[in-house]
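Notes follow the structure.
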Amino acid sequence: MTQNATLTPPTSGGLAPDTDTPRRRPRRWLAGTLKAIAGMFFVVLALFPLAWMVIAGFKTKTEVVRTPFQFFPEVWNTENYTQILADPVFLRSLGVTALGAVLFTLLSLTVNSMAAYAFARLEFQLKRTLWVVVITTMFIPGMTILLTSFIMVTKLQMLDTLAVLVLPGAAAAIHVFFIRQFYLNVPRSLEEAALIDGCGRWGVYLRIFLPMSKAPFVVVGVTSFLTFWNSYVWPIMTITSPELYQIQQYLAAFRSERSSELGMLMAGSALAAAPVVLVFLVFQRQIIANIKMAGLK
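If you're matching positions, the sequence shown starts at 0 in numbering that gives the first Met the number 0 and goes up one per residue.
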């Protein structure tokens, strides 16, 4: 009995052949190196203003505006930071802004998650029409409705109150859309089992959907917090009492009244930006992961 079987070269289990030939390795190394250099360049470019702001707070009045430009101070002086922290108006503005940001974030999570649950799980008349209207508001620039919003809060006698900062803007179509996409992927069996056990719609929302909402809540909560903290135009229009000044208002007033104290202004700006940077650093992994997850759905 003769054996006519021929030897065949081993395969890689159906995988594509390795194309990393010696001639291509230098090209890949060069491409990777160029990408790394470009990434480092853009990182430095993005962080340069923030780094200069923090370091300028340690300079004297003359060093901040010295020509030619000098990035680091000759002597690291903390006087600007101590003086701005000793200003009671600065600390009060920081506290009022923090209180407003927390209230705005909690209200935003409550309103937008309830609206998202209604559009994702409930059936009611004109649901599709209302959803189209909500989505359409995403494409309307906020500046175009600024005057209308101001007239409305004026008629409601909300000017110069904390409510005028917290209530308008808490409901956002983009947040409703983001949370609704998450709720659409919750298995209906959980909801149906709870309804059969006698749990009402409120119970389903509070006991099932709300505890599962950590992922979208992190994104919406951080975004709402940052939006409130960095708001400038709306507080300028609606707040006149120094007791309710937001931190951006305080810095704007400081710049116009004490323009020669540029080092102290940079110190105040750095301290005002610190909570925002801290919040983003704490939740950056959850934010990026959840945005990727939402993009894949």
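All C-beta atoms in this analysis are idealised placements derived from N, C-alpha and C, irrespective of residue type, glycine included.
- If you keep only unbroken beta strand (DSSP E) runs of at least 3 residues inside the stretch 213-249, you get nothing at all.
- Buried is the label assigned to residue 269, since at least 16 other Cβ atoms lie within 10 Å of its Cβ.
- Nearest C-alpha to residue 133 among 101, 31, 115 and 80: 115.
- Of the candidates 259, 176, 187 and 72, 176 places its Cα closest to the Cα of residue 135.
- With respect to the 8 Å criterion, residue 276 and residue 228 are not classified as neighbours on the basis of their beta carbons.
- Here the stretch 134-153 lies against the stretch 230-237, with 3 or more beta-carbon pairs under 8 Å apart.
- Secondary structure note for residue 111: its alpha helix (DSSP H) is the uninterrupted segment 87-120.
- Distance from the CA of residue 189 to the CA of residue 178, rounded to the nearest whole angstrom, comes to 18 Å.
- Boundaries of the alpha helix (DSSP H) around residue 38: 24-55.
- Counting only the Cα atoms, residue 45 lies some 20 Å from residue 32.
- Residue 85 holds the alpha-carbon nearest to the alpha-carbon of residue 266 among 69, 109, 85 and 197.
- Here residue 66 carries a coil assignment [DSSP, helix/strand/coil].
- Going by DSSP, residue 82 is part of the alpha helix (DSSP H) stretching over 78-84.
- Looking from the CA of residue 56, the closest CA among 245, 260 and 286 belongs to 260.
- Just so you know, the alpha carbons of residue 155 and residue 97 end up roughly 25 Å apart.
- Rounded to the nearest whole angstrom, the CA to CA distance from residue 138 to residue 69 is 44 Å.
- Of 82, 61, 81 and 80, the smallest CA-CA separation from residue 72 is found for 61.
- The three-state reading of DSSP puts residue 133 in helix, counting H, G and I together.
- Inter-segment contact for the stretch 36-55 and the stretch 235-245 is absent: fewer than three beta-carbon pairs are separated by less than 8 Å.
- Contact annotation: residue 102 and residue 165 have beta-carbon atoms nearer than 8 Å.
- A straight line joining the alpha-carbon of residue 238 with that of residue 110 spans about 24 Å.
- Residue 126 and residue 249 have their C-alpha atoms roughly 44 Å apart.
- The straight-line gap separating the alpha-carbon atoms of residue 246 and residue 213 is approximately 29 Å.
- Cβ contact annotation for residue 58 (same chain, cutoff 6 Å, sequence separation greater than five): 72 and 262, in chain order.
- Straight across, the Cα-Cα distance linking residue 180 with residue 215 is about 9 Å.
- DSSP, reduced to helix, strand and coil, places residue 283 within a helical segment of the structure shown.
- A direct Cα-Cα distance of roughly 15 Å separates residue 184 from residue 210.
- Under the 10 Å beta carbon count, residue 99 is surrounded by 16 or more other beta carbons and is classified as buried.
- Along the length of the stretch 160-190, whole alpha helix (DSSP H) runs at least 4 residues long occupy 162-165 and 172-182, reported in chain order.
- The beta carbon of residue 221 lies closer than 8 Å to those of 278, 279, 282 and 286 in the same chain, with the five residues before and after it left out.
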